[in-house]
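To convert, note that position 196 of the sequence shown is 196 in our numbering; the numbers rise steadily by one, no gaps. Note sheet for the following structure.
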Amino acid sequence: MSPVHDSRLQTVDADAPAEQVVSALLQDGAVIVHDLLSQDVVRAINAEVQPYVDLADPDMRHLNPGVQFFHGQTRHVSGLAGKSPTFANEVMIHPLLMAVCEAILGPSCARYQLNLAHLLERLPGAGDQFWHQDEIVWNLMPVPKPELQLASVIALVDFTADNGATRVFPGSHQWVAGRYPTNDEAVVAEMPAGSAIVYLGSTFHGGGAHSGPEPRRGVHLSYTLGWLRTEENNYLAVPPELACRLPRQCQEVLGYAVHDAIESGGGYLGMLDLRDPIELFQEGWTGAAYAD
C-alpha cells in the first residue's frame, strides 16, 4: 500500500534552507516555493519573451501526439535560456534550485544538467492535461532507479484553480508501479506570480482546465542527470555562439561541461577534441572552427 499523505501541499519561502525544500519533496513529491522570483524578474522575463509569444502559433504541430492537448489552446515558446537573458541568469541557475538539484540529482551523477526550459501560455478554454509523470520521457520499466529529474512550473501570472493551475498528487512518487491517479486525489497548486511548484519527475501532475478570462503564463523548467539524453536539444536551443556569452555556470547547466565521472571509476561524456568545451569557451571559442 502506498503511503498516506496530507492532501495539502507544503509551502516554503524562497529564502528557506534547501534542506527544507528537499524534505518536502521526499515526503510529498512536490512543494510550493513562495516568491522564488522577485516581481522585477517576473516583469523582465515577461517583457523579454513577449515578442516570441506574439509570434507563437497555438495551432503548431507537436512532435509527440501525446501532447496535442496544447493544440489551439497554448502559445508555446521553447529554448527559453536562449531568448530571455533574465531567465538564463536569474532563474535557470537560481541558487535554491541548484542546491535542490545537488541534493536530489547529485548522488546519481557527476553533474546535473538542464532538461528543458519552455514558456507555456495557456489560453481561456484550454482543457485538462492528462495526468502524467515527466520522467516517462525515458520510457522507464518498473525497476528500482534513482530520481531522474527535478521539475518545476514557475508562475509568471497568478495561478488559480479557475485559470488552470497545475494539479499535483502528493505522495504519488512513492506509489507502486501501475497505480494511476483519480481526479479526487489532485491538489491545485494555486500561487502568486513569481512562485513555483517544484516536483520530482516521478510525481504525477498535470495542468488544469482554464475557465478564466485571461491567458495563464508560466515556465516549465526541469533538470536531469548529466548522463541522460535531454528532452530538449539544448545545444541547438542555445547554440555555442549564444552560450559563449553566458556565465560559466549557465554553460555548465546547459550541458556544455563534460560529465566527468573518472574519479568515481567511470568515464567522461561530452568532450570536444578530447577537451572540455567549457575550457574552450574560457579561451574565447564561439563555436567556430579552432586550431589546437
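For every residue, glycine included, the Cβ atom is placed at its ideal position computed from N, Cα and C.
- The residues 210, 212 and 216, in chain order, have a CB closer than 6 Å to that of residue 163 in the same chain once the five nearest residues on each side in sequence are set aside.
- Just so you know, the alpha carbons of residue 11 and residue 166 end up roughly 15 Å apart.
- Nearest to residue 151 by alpha-carbon distance, out of 168, 284, 74 and 57, is 168.
- In the three-state scheme derived from DSSP, where H, G and I count as helix and E and B as strand, residue 264 is classed as helix.
- Residue environment: residue 281 is assigned as buried (16 or more neighbouring CB atoms within 10 Å of its CB, all protein chains considered).
- Counting every other CB atom within 10 Å of its CB across the protein chains shown gives residue 170 a total of 16 or more, marking it as buried.
- C-alpha of residue 113 to C-alpha of residue 253: approximately 5 Å in a straight line.
- Taking every protein chain shown into account, the CB of residue 144 has fewer than 16 other CB atoms within 10 angstroms, so this residue is exposed.
- Your pair residue 135 and residue 161 does not check out as a contact, with CB atoms roughly 26 Å apart and the cut at 8 Å.
- The beta carbon of residue 188 lies closer than 7 Å to those of 161, 165, 167 and 208 in the same chain, with the five residues before and after it left out.
- When Cβ pairs closer than 8 Å are counted between the two stretches, the segment 177-188 is seen not to touch the segment 38-48, the count staying below three.
- The distance from the Cβ of residue 104 to that of residue 37 is about 20 Å, inconsistent with a contact at the 8 Å cut-off.
- Under a 10 Å Cβ-count criterion, residue 92 is classified as buried, with 16 or more other Cβ atoms of the shown protein chains found around its own Cβ.
- By alpha-carbon distance to residue 175, the top candidate from 18, 29, 13 and 243 is 29.
- Sorting 79, 51 and 205 by C-alpha distance to the C-alpha of residue 129 places 205 at the top.
- Just so you know, the alpha carbons of residue 99 and residue 55 end up roughly 35 Å apart.
- Rounded to the nearest angstrom, the gap between the Cα atoms of residue 125 and residue 180 is 26 Å.
- By the beta-carbon neighbour count (other beta carbons within 10 angstroms, threshold 16), residue 133 is buried.
- Between residue 116 and residue 232, the C-beta gap is smaller than 8 Å, which places the two residues in contact.
- Annotated three-state conformation of residue 258 is coil, per DSSP.
- Only exposed fits residue 268, as fewer than 16 other CB atoms lie within 10 angstroms of its CB.
- In this structure, 57 is the residue among 57, 88 and 137 with its C-alpha nearest to the C-alpha of residue 75.
- Assignment of beta strand (DSSP E) within the segment 120-198, counting only whole runs of 3 or more residues, yields 149-155 in chain order.
- A residue is called buried once 16 or more other Cβ atoms fall within 10 Å of its Cβ, and residue 264, having fewer, is exposed.
- For residue 30, the uninterrupted beta strand (DSSP E) run begins and ends at 30-34, by DSSP.
- With 16 or more neighbouring CB atoms inside 10 Å of its own CB, residue 155 falls in the buried class.
- In chain order, 77 and 83 place their CB closer than 6 Å to the CB of residue 52, counting only its own chain and leaving out the 5 sequence neighbours on each side.
- Distance from residue 123 to residue 80 at the Cβ level is roughly 19 Å; contact not present, criterion being Cβ atoms closer than 8 Å.
- Counting along the chain, residue 225 sits inside the beta strand (DSSP E) bounded by residues 216-225.
- The beta carbon of residue 278 is closer than 7 Å to those of 248, 251, 252, 256 and 257 in its chain, skipping five residues each way along the sequence.
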